[in-house]
Amino acid sequence: MVKISVILLTGLLACRVSGNLRESDASPSSHRKNNLTMEQKVMLRRAARGKLIQSYMNESVNPCDDFYEYACGNWKFANRPPSVFDENDVFQLIVRRMESQIGALLREINGESQNLTSEALMKVKLYYDSCMDYDFTTSLRSQAKSEILDSIFGPYVLSAEWSSDGFDWLSTVARMQSYGSNAFIYQSVSKYNKTPAIHLKKADVKLPGLDIPDFLLPDPGLSRKLQSTILAERYGLSDKESIENVIDFGIQLNNLVMSNDRGSPLKAEPVNLTKLKDMTPIIDWSRYFTVLLGSQMNFSMQIIIEDVNYFRQLEILLRRTPADTLANYLALHFLEHLQENVQISKFSQHRYCSARVLEDMPLATYVLHLHKFNLTGVKPEILQIAKALQYQFQQAIDHSDWLDDHLKSQIINKLNHTQLEIGYPDYLSSNNQLDKIYSDLIVNSSHFDRNFLHCLEFKTRSMHNKLSPLMAADIDLNLSLMDIKPRYDPITDRITIPAGILVPPIYHQHLPMAFKFGSLGPMVAHTYTNVLSGLHRPDAGSRKYVKKMEEFDRCYNFQTTNLDLDLDADKKWPFADEANSREDGGGVGVDLKEIRSDFGELDEAYYEDIRNRFYEVVSTQIAYSAYNSFITADKIDDERMPGLNLTNHQLFFVSFTQAQCSDYSIDPFLVDIGMDNNFSRRNRVLSSVSSNLNFWNSFNCSRESATFLQKNCTLLI
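In mature numbering (1 follows the signal peptide of the UniProt record, and there is no 0), the protein residues as written are -19 to -1, 1 to 698.
Next up, the structure:
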């Protein structure tokens, strides 16, 4: 779920970005512009974009010496974030612009309904209106929340008058989860082998002030005093003994959660309800699911449970804890869940309400945006680009020397069955479909607190509806404008190029194909590489593939450390970052078993990182080959960018790099352990361009240039 605080912060850059989806370019006055031909308007847009691209570059740097600085050197000066942002990159700029546009659209429809032809969009308007009219100073004392607390816990919870008669922690937890509050048990719906499954695991401890460790405070006992003050003043829990009991229970629960974090958990396999009861017999799972789902659960439904030992110990802890302490903890947990979602802090009410609507009704907000900014016209071109990338990816797989023939066949077969979705799903074009999706969401114009609670219930119901075979498999109720990166869904074998990425500076309809293939192409190509997932694990895949990863690791990951690793022995694998962090200094050619013993699953995470970096390099090559093949096969004369002293082949690499420009704050701790984000981003870009012979030819660079990273090896893709 998108964090509301992050979305709120995104609005702070609204003054620095255009409200237009296609980013306003320098142009003559509106009167003169209206008299221009379409061709003249296109040329003006190209010229303006060319100036912007040039303004991001540091042309005083030789591209052969530091291509990242050459392409992105002045980007951070032109795109300074607000002071509250420590990190800044192209994707965050796009997200901030999207959030700003949604805010503007909600302002437009505020108080007006004549143009809204959909009941779902009318609910968006009503939700926003009710939020704008709401007095947030009364949010924790609202009648609606009091009624919800009474319905879940019974009257007078958090007071001495509360009665434990009929209280049952398991049913209470299930009722809380109807509003998205996961206490003790975190439940979600996922898929296993393309079949819906309920996922159960331990939930984080949520108690105000409990997450402040003593060592951060001058007085070791200050954290407990702070917790007591918060519980008394914010939530009205005035009885000192009750406060102490809740804090003690929270500490015990936190210790239980933390103790089960140690070690490497076994891979969770799906079980049915009968097997789940056998694994944790003291928890009445039938009762839990009946309350949670509103009906008896099908005994054949797949259930994936993690941390079985945690659930066994949890029941023991809860049985020895008094009912009033459990009720107080759960009520505080629930109120904290509501509090962190309904607060505007120092942000304007409009900014909060825009973010609230975007998070609670993401699909309807998506459609509202599409009604204003229709992307239908760009879909055919994006489809051309995507198909060209897929073809080149298939060619790369077919001619690779690092995959066995069997794996090649599997991958190409999977590619041939992959679906492509561009911009937005087709079902969003139908108001009837949208209205059907939101038909059971109750929204009125005068009660924001009730609307908010209804939205929480709606999101939980929507999640559980995925368990029904009647639910349309292609409808994603969590689809959001904030999802801006291309993605691959292994369940449906679908690649999505979202509407949020089809905007400047990643995509511009009127720019040369070199720009489009350079900025958007590698991202889409990298998404195609995700099709390989699960087909080439090192313990079950091709030895050729593993050797290729080792060679790549040697070429690209160690160019700054000058380590000469022995990669010949089967049990050797270069975990330099982890090995060098050890007190004994690690060593060269670290034994894989030793790494697993010392660092748990870090070896797997490290392998995953190397694989992703390798795919980044491959994706850039695929995108370049697709561009070159595209203009050659169709005999396209790709027009030059006016005002830029770049060939289109050079523009490809500049636009690729500028899509990766960033300005991250420097954390000394991260620098000490080799995880500086700026260095990592720059290093990955240089890995991709320096591995491409076409880059060297385009800029007439030699392999002695500083940009060429792999000095002591010959790996070129």
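Where is the CB? At the ideal position from N, CA and C, for every residue including glycine. Keep in mind it's a predicted model, so treat the numbers as computed, not measured.
*Would you call the segment 296 to 309 and the segment 140 to 151 in contact, with 3 or more CB pairs under 8 Å?*
yes
*Do you know how far the Cα of GLN414 is from the Cα of THR357?*
Locating residue 357 in the sequence shown gives position 376, where the first residue counts as 1. Locating residue 414 in the sequence shown gives position 433, where the first residue counts as 1. Going from the Cα of THR357 to the Cα of GLN414 covers about 19 Å.
*Based on the DSSP output, what are the partners of HIS387 in its beta bridges?*
Position 406 of the sequence shown, counted from the start, is the residue given in the question as residue 387. Answer is none; HIS387 lacks a bridge partner.
*Inter-residue Cα distance where the pair is SER140 and PHE595*: Counted from its first residue, the sequence shown places residue 140 at position 159. Counted from its first residue, the sequence shown places residue 595 at position 614. Distance between the alpha carbons of SER140 and PHE595 is about 59 Å.
_Three-state secondary structure assigned by DSSP to LEU460_ = Along the sequence shown, read from residue 1 onward, the residue named residue 460 stands at position 479. Reduced to three states, the DSSP call for LEU460 is coil.
*Are ASN253 and MET282 closer than 9 Å when you measure CB to CB?*
Counting from 1 along the sequence shown, the entry for residue 253 is found at position 272. Counting from 1 along the sequence shown, the entry for residue 282 is found at position 301. The answer is yes: Cβ separation under 9 Å.
*Tell me the DSSP bridge mates of ILE179?*
As a first step, residue 179 must be located in the sequence shown, where it is residue number 198. ILE179 is bridged to VAL170, ILE284.
*Going by DSSP, which residues form a beta bridge with THR477?*
By one-based count along the sequence shown, residue 477 stands at place 496. Paired residue(s): GLU402, ARG468.
*Nearest residue (CA-CA) to VAL138, options ILE34, TYR419, SER171, TYR216*: Residue 138 sits at position 157 when you count from the first residue of the sequence shown. Among ILE34, TYR419, SER171, TYR216, the Cα nearest to that of VAL138 is on TYR216.
*By how many angstroms is the C-alpha of ASP619 removed from the C-alpha of ASP28?*
The sequence position of residue 28 within the sequence shown is 47, counting from 1. The sequence position of residue 619 within the sequence shown is 638, counting from 1. One point to set straight first is that residue 28 is Ala, not Asp, in the sequence displayed. Distance between the alpha carbons of ALA28 and ASP619 is about 15 Å.
*Could you give the distance in angstroms between the alpha-carbon of ILE418 and the alpha-carbon of LYS258?*
Numbered from 1 along the sequence shown, position 437 holds the residue referred to as residue 418. Numbered from 1 along the sequence shown, position 277 holds the residue referred to as residue 258. The straight-line gap from Cα to Cα measures roughly 34 Å.
*Beta-carbon proximity list for SER99, same chain, < 7 Å, skipping 5 on both sides*: Counted from its first residue, the sequence shown places residue 99 at position 118. Once the five neighbours on either side are set aside, the close Cβ partners of SER99 are ASN412, LEU415, ASP416.
_I'd like the list of long-range same chain contacts for residue 699, defined as Cβ closer than 6 Å, with 5 residues on each side in sequence excluded._
Lying before the first or after the last residue shown, residue 699 is absent from the chain, which here runs from -19 to 698.
_For a test of the three-state rule: what should DSSP assign to PRO136, helix, strand or coil?_
Taking the sequence shown and counting its residues from 1, one reaches residue 136 at position 155. PRO136: coil per DSSP, three-state reduction.
*Nearest-angstrom Cα separation, counted from GLN641 out to LYS256*: Within the sequence shown, the letter at position 275 stands for residue 256. Within the sequence shown, the letter at position 660 stands for residue 641. Spanning the two alpha carbons is a distance of roughly 48 Å.
*asked:* Within 10 Å of its beta-carbon, does GLY435 have 16 or more other beta-carbons around it, so buried, or fewer, so exposed?
replied: Position 454 of the sequence shown, counted from the start, is the residue given in the question as residue 435. Residue 435 is actually His in this sequence, not Gly. It counts as buried.
*Within this structure, are the beta carbons of GLY273 and GLN373 separated by less than 9 Å?*
Walking along the sequence shown from the start, residue 273 turns up at place 292. Walking along the sequence shown from the start, residue 373 turns up at place 392. Rather than Gly, the amino acid found at residue 273 in this sequence is Leu. No; because the gap between Cβ atoms is not below 9 Å, this pair is not in contact.
*Between THR601 and the ligand MN, is the CB less than 8 Å from at least one heavy atom?*
For the structure depicted, the ligand MN is absent and the ligand set is empty, with no information on it obtainable.
*Who pairs with ASP382 in a beta bridge, going by DSSP?*
Along the sequence shown, one-based indexing puts residue 382 at 401. Note: ASP382 sits in no beta bridge, so no partner.
*Below 9 Å between beta carbons: does that hold for ASP341 and TYR108?*
Translated into the one-based positions of the sequence shown, residue 341 becomes position 360. Translated into the one-based positions of the sequence shown, residue 108 becomes position 127. Taking 9 Å as the Cβ cut-off, ASP341 and TYR108 qualify as a contacting pair.
*Got a sec? Which residues, its chain only, sit under 7 Å from ARG293 by beta carbon, not counting five neighbours each side?*
Within the sequence shown, numbered from 1, the residue matching residue 293 stands at position 312. So the list reads THR261, once near-sequence residues are dropped.
*Near GLN233, what residues of its chain come up, given a Cβ to Cβ distance below 7 Å and the 5 sequence neighbours on each side ignored?*
Reading the sequence shown from its first residue, position 252 is the one you call residue 233. Same-chain partners within the cutoff: LEU298.
*Pull up the distance between the alpha-carbon of GLN639 and that of TYR37, whole angstroms please.*
Along the sequence shown, one-based indexing puts residue 639 at 658. Along the sequence shown, one-based indexing puts residue 37 at 56. Near 8 Å, if we compare the C-alpha coordinates of TYR37 and GLN639.
*Counting Cβ pairs, one atom from each stretch, are 3 or more of them under 8 Å apart for the segment 72 to 84 and the segment 388 to 404?*
no
*Tell me which same chain residues have a C-beta within less than 7 Å of the C-beta of SER159, skipping the five on either side of it?*
Position 178 of the sequence shown, counting from 1, holds the residue named residue 159. Around SER159: GLU438, THR441.
_According to DSSP, simplified to helix, strand and coil, what is SER99?_
Counting from one through the sequence shown, the residue named residue 99 turns up at place 118. The answer is coil: DSSP assigns SER99 none of H, G, I, E or B.
*Quick one: what's ALA643 bridged to in DSSP?*
As a working mapping, residue 643 is identified with position 662 in the sequence shown. Before going on, a small fix: residue 643 reads as Ser here, not Ala. BP columns for SER643 point to ASP70.
*PRO503 - DSSP class collapsed to helix/strand/coil*: Your numbering for residue 503 matches position 522 in the sequence shown. It is helical.
_Would the segment 502 to 515 count as touching the segment 596 to 604 if we require 3 or more Cβ pairs under 8 Å?_
yes
*Residue interval of the alpha helix (DSSP H) (run including THR306)*: The sequence position of residue 306 within the sequence shown is 325, counting from 1. First-last of the alpha helix (DSSP H) with THR306: 304 to 322.
*Which value, in whole angstroms, describes the spacing of the CA atoms of GLY624 and LEU25?*
Counted from its first residue, the sequence shown places residue 624 at position 643. Counted from its first residue, the sequence shown places residue 25 at position 44. Answer to the nearest angstrom: the Cα atoms are 11 Å apart.
*Which residue spans inside the segment 393 to 447 form an unbroken alpha helix (DSSP H) run of at least 4?*
412 to 418, 429 to 446
*asked:* If contacts are defined as beta-carbon pairs under 8 Å, then LYS183 and VAL105 qualify, I think. What distance do you get, rounded to the angstrom?
replied: As a position in the sequence shown, residue 183 is number 202, starting the count at 1. As a position in the sequence shown, residue 105 is number 124, starting the count at 1. With 8 Å as the limit, LYS183 and VAL105 do not qualify as a contact, their Cβ atoms being about 35 Å apart.
*Hey, is the segment 626 to 635 in contact with the segment 493 to 509, meaning 3+ C-beta pairs nearer than 8 Å?*
yes
_Can you tell me whether THR542 is helix, strand or coil according to DSSP?_
Locating residue 542 in the sequence shown gives position 561, counting from the first residue. Confidence in THR542 is poor, its pLDDT being 37 and thus under 50, which makes the residue's placement unreliable; the coordinate value appears in the next sentence. If DSSP states are grouped into helix, strand and coil, THR542 belongs with coil.
_As a quick exercise: from LEU74, SER111, GLU40, TYR49, pick the residue whose alpha carbon is nearest that of ILE487._
Reading the sequence shown from its first residue, position 506 is the one you call residue 487. It is LEU74 whose Cα lies nearest to the Cα of ILE487.
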